[in-house]
Amino acid sequence: MRTLDYSPLYRSIVGFDRLANMIDSASKSDPSAGFPPYNIEQLGENDYRIELAVAGFGEDDLTVEVQENVLTVSGRKESQSEDEGPNYLYRGIAERAFERRFHLADHVVVDNAELRNGLLAVTLRREIPENAKPRRIAIGQSGGKARKVIEGGKTKAA
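Residue numbers for the sequence shown follow our numbering, so the first one is 127 and each next one is one higher.
What follows is the structure, encoded as structure tokens:
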């Protein structure tokens, strides 16, 4: 038995449908899941880089798109007829079409993409909006007489 039934997850969780779908799709094996090979690197606390080995692809052959927290990198080579293309004795560089998807966390944005020496580097940054950052709340007494404000771990009257 190689498949798991995730339907009980859908009955017991609310609002995590996307997570359950990701687990379900990750459990299904895909023969092309290893192409193209890639690295994910953390550059800093909020900075990341994804590098994909795309030998044989040019800038015009690659597409980088972001939609609803999903980064999609795809590559398609323009097909050449056998008369136009070179006569290969051995062809070891895979130039087949591919599509690789990366699910991004909330507030992660793509800064740029750069192709150099057969590596496509996509730079990502986590931008937490002001309303999602931690904030200090003033502590007051009932009746509105005195207020205490907590700043830097010290309490003082306001």
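For every residue, glycine included, the Cβ atom is placed at its ideal position computed from N, Cα and C. Please read all numbers here as calculations on a predicted model, not as lab measurements.
Could you give the C-beta distance for Arg-217 and Tyr-164, rounded to a whole number, given that I count them as a contact under 8 Å?
With a Cβ gap of about 22 Å, Arg-217 and Tyr-164 do not count as contacting.
Would you decide whether Tyr-174 is buried or exposed? Buried here means 16 or more other CB atoms lie within 10 Å of its CB.
Answer is buried; the Cβ neighbour count reaches 16.
Nearest to Ala-179 by CA position, among Leu-250, Asp-232, Leu-241, is which residue?
Comparing Cα positions, the closest option is Leu-241.
Evaluate Val-199 with the Cβ neighbour count: other Cβ atoms within 10 Å of its Cβ, from every protein chain shown; 16 or more gives buried, anything less gives exposed.
With 16 or more Cβ atoms within 10 Å of its Cβ, Val-199 is classed as buried.
Taking 9 Å as the cut-off, decide whether the C-beta atoms of Leu-197 and Leu-246 are in contact.
No, Cβ-Cβ distance for Leu-197 and Leu-246 is not below 9 Å.
Using 10 angstroms around the beta-carbon of Gly-184, count the other beta-carbons present and answer buried if the total reaches 16, otherwise exposed.
Classification of Gly-184: exposed, given that the 10 Å Cβ count is below 16.
Going by alpha carbons, who is nearest to Gly-160 out of Ala-220, Ile-265, Gly-170?
Minimum Cα distance to Gly-160 is reached at Ala-220.
Report the rounded CA-to-CA distance for Val-261 versus Leu-169, giving the unit in angstroms.
According to the sequence displayed, residue 261 carries Arg and not Val. Taking the straight line joining both Cα atoms gives about 27 Å.
Excluding the five sequence neighbours on either side, which residues of its own chain have a C-beta within less than 8 Å of the C-beta of His-233, listed in chain order?
Here the set comprises Arg-252, Glu-253, Ile-254, Pro-255, Ala-258.
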